[in-house]
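Remarks on the structure that follows.
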Amino acid sequence: MRYAFGRLYPEGPRRLVEGPVCAFVDWVMEDLSGLEMCRRLRADTRTADAHITIVLEEDDPDDKRRALRAGADDYMVGPIDRTAVLDRVMALQAGGGHARVTEQLQVGQLLIDAAALQARWAGEPLTLRPNEFRLLRFFAQNPDRVLTRAELIEALGKQEPPIDERTVDVWIGRLRRALRAKGAGDRVRTVRSLGYAYDSH
Numbered sequence: 177m178r179y180a181f182g183r184l185y186p187e188g189p190r191r192l193v194e195g196p197v198c199a200f201v202d203w204v205m206e207d208l209s210g211l212e213m214c215r216r217l218r219a220d221t222r223t224a225d226a227h228i229t230i231v232l233e234e235d236d237p238d239d240k241r242r243a244l245r246a247g248a249d250d251y252m253v254g255p256i257d258r259t260a261v262l263d264r265v266m267a268l269q270a271g272g273g274h275a276r277v278t279e280q281l282q283v284g285q286l287l288i289d290a291a292a293l294q295a296r297w298a299g300e301p302l303t304l305r306p307n308e309f310r311l312l313r314f315f316a317q318n319p320d321r322v323l324t325r326a327e328l329i330e331a332l333g334k335q336e337p338p339i340d341e342r343t344v345d346v347w348i349g350r351l352r353r354a355l356r357a358k359g360a361g362d363r364v365r366t367v368r369s370l371g372y373a374y375d376s377h
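Remember, this note's numbering sits 176 above the position in the sequence shown when you count from 1.
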């Protein structure tokens with residue numbers, strides 16, 4: 177798995193690479209905000225599937241939510257150095273240190289193809305960002321089981337640096353919209369005060 181990472185500029189990617197792209201975007205940039213940069217990356221077909229991490233100036237819960245709504249997959253609080261960036265990229269590459277899952281996993285009409293990083297519902301591909309794909313894969317491995325936010329964060333390899341557990345709610349919202357768009361209905365159920373469960377039936 178190969179990544180292109182570094183500071184991105186308003187004119188867009190200077191070089192395209194094969195395979196997944198991991199982008200780190202500053203909260204404040206010279207010509208536009210990091211939020212607008214996230215939106216532009218998502219709107220560009222060349223980078224729409226990139227794993228975007230926005231680098232915040234401070235640990236502000238409202239800024240975190242705004243970043244996720246703008247299209248970021250993750251966030252870090254700056255300043256960050258090369259080691260922190262490489263650690264995050266390696267964690268993504270390794271899938272958070274968990275063992276490689278079965279190549280294909282089927283739960284009812286849901287099919288997870290781990291090798292292709294693709295999920296399908298009733299044969300139709302689901303449009304998912306990297307975090308939502310990993311989340312759905314973990315749900316498929318544990319159908320009908322209540323999973324806490326902490327367990328979901330661990331499954332995605334997001335423990336270091338620690339993130340706000342409410343970030344999971346944003347990922348869940350995106351996942352639900354993707355499933356509904358393909359006619360899957362409300363498969364991901366909220367269990368008040370506990371977490372979430374994927375209903376297989």
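Built from N, CA and C at the ideal position, the CB exists for glycine as well.
Counterpart residues of MET213 in DSSP-defined beta bridges: As a working note, residue 213 is residue 37 in the sequence shown. The partner list for MET213 (beta bridge, DSSP) is empty, contrary to what the question assumes.
By alpha-carbon positions, which one of ARG242, ASP220, THR221 ends up nearest to ILE230? In the sequence shown, counting from the first residue as 1, residue 230 sits at position 54. Of ARG242, ASP220, THR221, the residue nearest in Cα terms is ARG242.
Identify whether LYS358 lies in helix, strand or coil by the three-state DSSP scheme. Translated into positions along the sequence shown, residue 358 becomes position 182. Reduced to three states, the DSSP call for LYS358 is coil.
Cα-Cα, which of ALA219, ALA373, GLY299, LEU312 is closest to ALA380? For the chain, the structure presents residues 177 to 377; residue 380 sits outside this window and is missing.
Looking only at its chain, what residues have a beta carbon closer than 6 Å to the beta carbon of ARG350, apart from the 5 residues adjacent to it on each side? Counting from 1 along the sequence shown, the entry for residue 350 is found at position 174. Cβ neighbours of ARG350 beyond the five flanking positions: GLU308.
Please state whether DSSP places GLU341 in a helix, a strand or coil. Indexing the sequence shown from 1 puts residue 341 at position 165. GLU341 falls in the coil class under three-state DSSP.
Just tell me which of LEU217, THR221, GLU300 has its CA closest to the CA of GLY359. Position 183 of the sequence shown, counted from the start, is the residue given in the question as residue 359. It is GLU300 whose Cα lies nearest to the Cα of GLY359.
Out of curiosity, what's the CA-to-CA distance linking ILE118 and VAL265? Shown here, the chain extends from 177 to 377; a query on residue 118 therefore has no answer.
Leaving out five residues before and five after GLY371 in sequence, what residues of the same chain have Cβ atoms less than 6 Å from its Cβ? Reading the sequence shown from its first residue, position 195 is the one you call residue 371. Correct list, in chain order: VAL322, LEU323, THR324, ARG325.
Closer than 6 Å by C-beta to PHE314: which residues in its own chain qualify, once you throw out the five before and the five after it? Chain order, please. Numbered from 1 along the sequence shown, position 138 holds the residue referred to as residue 314. Excluding residues within five positions, the ones whose Cβ falls inside 6 Å are ALA331.
Considering just the uninterrupted stretch of the alpha helix (DSSP H) at ILE329, what are its terminal residues? Here residue 329 corresponds to residue number 153 of the sequence shown, with the count starting at 1. Counting along the chain, the alpha helix (DSSP H) containing ILE329 begins and ends at 325-331.
Simplified DSSP assignment, three categories, for TRP297: The residue given as residue 297 occupies position 121 in the sequence shown. Note: TRP297 maps to strand in three-state DSSP.
For ALA316, count the other beta carbons within 10 Å of its own beta carbon; 16 or more makes it buried, fewer makes it exposed. Which is it? In the sequence shown, counting from the first residue as 1, residue 316 sits at position 140. So ALA316 ends up on the buried side.
Endpoints, the alpha helix (DSSP H) within which ASP383 is located: This structure cannot settle anything about residue 383, because the visible part of the chain is limited to 177 through 377.
Considering only the beta carbon of each residue, do ASP375 and ARG368 sit closer than 9 Å? For the purposes of this step, residue 375 is identified with residue 199 of the sequence shown, where counting begins at 1. For the purposes of this step, residue 368 is identified with residue 192 of the sequence shown, where counting begins at 1. In this structure, ARG368 does not lie closer than 9 Å to ASP375 by Cβ.
When the Cα atoms are used, what is the spatial distance from ASP320 to ASP340? Translated into the one-based positions of the sequence shown, residue 320 becomes position 144. Translated into the one-based positions of the sequence shown, residue 340 becomes position 164. Cα to Cα, ASP320 sits roughly 25 Å from ASP340.
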